[in-house]
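Residue numbers for the sequence shown follow this note's numbering, so the first one is 9 and each next one is one higher. Glycine included, each C-beta is placed from N, C-alpha and C at the ideal position. Small disclaimer: the values here were computed from a predicted structure and weren't measured.
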Amino acid sequence: MNVKTVLILLVLALATIFALVCVLLTRARTPSACQHQPLEQEDTDDGQSLVFADLTPEEMAQVVRYLRGNLGVQLVDASRAKPSDNCIASVDVQVPAKAEVLRFLDGGGARPPREALAVLYFGNQPDPNVTEYVVGPLPTPVYHRDVTVQKYGGKVPYHRRPVTGKEYVDIYAFIQRELRKAPRFLAACCESDGTDLAILTTAPRGFKSGDCATWFVLFHNVAGTGYYLSPVGLEVLVEHGDLHVSRWQLRQVFYNGRYFVSVGDLESAFMADVLEVVRMEKPQAEVVLGSMRPRHRPGSPGPLQYEP
9 MNVKTVLILL
19 VLALATIFAL
29 VCVLLTRART
39 PSACQHQPLE
49 QEDTDDGQSL
59 VFADLTPEEM
69 AQVVRYLRGN
79 LGVQLVDASR
89 AKPSDNCIAS
99 VDVQVPAKAE
109 VLRFLDGGGA
119 RPPREALAVL
129 YFGNQPDPNV
139 TEYVVGPLPT
149 PVYHRDVTVQ
159 KYGGKVPYHR
169 RPVTGKEYVD
179 IYAFIQRELR
189 KAPRFLAACC
199 ESDGTDLAIL
209 TTAPRGFKSG
219 DCATWFVLFH
229 NVAGTGYYLS
239 PVGLEVLVEH
249 GDLHVSRWQL
259 RQVFYNGRYF
269 VSVGDLESAF
279 MADVLEVVRM
289 EKPQAEVVLG
299 SMRPRHRPGS
309 PGPLQYEP
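Here you go:
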């Protein structure tokens, strides 16, 4: 074998090795995220599939804009609304009556008007209530119709509304203020000053219609963990039915099988050494159960997924 042949074979071998290295390095890289484009409502079958389609963001914005300009009352954004305010709680598609849909789908009848169902909380009224309106036609509404009595046989009392996110924020702030009345007890029972505790709501909110008093369970709130796995053994009963947050009251406190009329009463029992305290150490994020942080480095990436 002459020198020229050896050189050719050597060059081919080096090229093969280089190609294999490139392939291995490419596979070892983390696959990039698949490009995702928002789904658009497809108008197929002459628009028949859109009879039940969800509202688009543009349609929801049009409904909110219409209600704010045509109800004659001030509407506060739901994320900032107090119980004593008026706000739009939800907006969803109003599915047409079955007979209208069947006439359109099977009988070739007129297409039902596209409408939205809006639920509003009217707290800033002499008679606070929950009202439902049908708004249409979309995408440019020009009318609204009160369907509350038609659906429920009468007005919906205000106390039947679900608790809003803003109310939960206010309840948490109220509990924080109350917990300041028991600093020594909190330090002894759960190594806390109350500001790093989380609350969890419960149900029912009373014993009879019209009640709005909720037991809240307290937990250690450690970042990156499931706080519900770290209860401190303390529960408080908050009466939050009044429209004015300043009038809310803490009715009872429960700890270690005993009830107390207030957080101050709990602190007094602790200071008098007549309360048995079960010490719950504050968990560390690195060792706490329910951590959302992976304990080990992720392995090799899975197969690349492709969305057309």
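Simplified DSSP state of residue i, which is helix, strand or coil
i	result
residue 102	strand
residue 91	coil
residue 312	coil
residue 156	helix
residue 181	helix
residue 233	strand
residue 172	coil
residue 65	helix
residue 208	strand
residue 76	helix
residue 255	helix
residue 111	helix
residue 292	coil
residue 70	helix
Cβ-Cβ separation, residue j to residue i (assumed contact under 8 Å), whole Å
i	j	result
residue 83	residue 76	5 Å
residue 225	residue 243	5 Å
residue 251	residue 228	Incorrect: roughly 33 Å between the Cβ atoms, too far for contact.
residue 216	residue 87	Their Cβ separation, rounded to whole angstroms, is 31 Å, which puts residue 216 and residue 87 out of contact at 8 Å.
residue 237	residue 223	Actually they are not in contact, since the Cβ atoms of residue 237 and residue 223 sit about 19 Å apart, beyond 8 Å.
residue 269	residue 260	7 Å
residue 149	residue 71	6 Å
Rounded C-alpha distance that separates residue i from residue j
i	j	result
residue 287	residue 280	17 Å
residue 176	residue 93	15 Å
residue 195	residue 201	6 Å
residue 138	residue 165	6 Å
residue 311	residue 33	15 Å
residue 121	residue 162	26 Å
residue 110	residue 158	23 Å
residue 147	residue 67	5 Å
residue 85	residue 59	29 Å
residue 20	residue 12	13 Å
residue 128	residue 136	11 Å
residue 255	residue 80	29 Å
residue 170	residue 290	33 Å
residue 193	residue 199	9 Å
residue 248	residue 143	32 Å
residue 130	residue 145	24 Å
Residues sharing a beta bridge with residue i, DSSP
i	result
residue 96	128
residue 224	244
residue 151	144
residue 260	245
residue 123	102
residue 164	138
residue 239	227
residue 268	261
Limits of the unbroken alpha helix (DSSP H) element including residue i
i	result
residue 273	271-279
residue 195	191-198
The beta strand (DSSP E) enclosing residue i, as first and last residue numbers
i	result
residue 215	Looking at the DSSP string, residue 215 is not in any beta strand (DSSP E), and its letter there is neither H nor E.
residue 84	That residue, residue 84, is in no beta strand (DSSP E); it is neither H nor E in DSSP.
residue 287	Element bounds for residue 287: n/a, residue is neither H nor E.
residue 188	Where residue 188 is concerned, there is no enclosing beta strand (DSSP E), given that its DSSP letter is neither H nor E.
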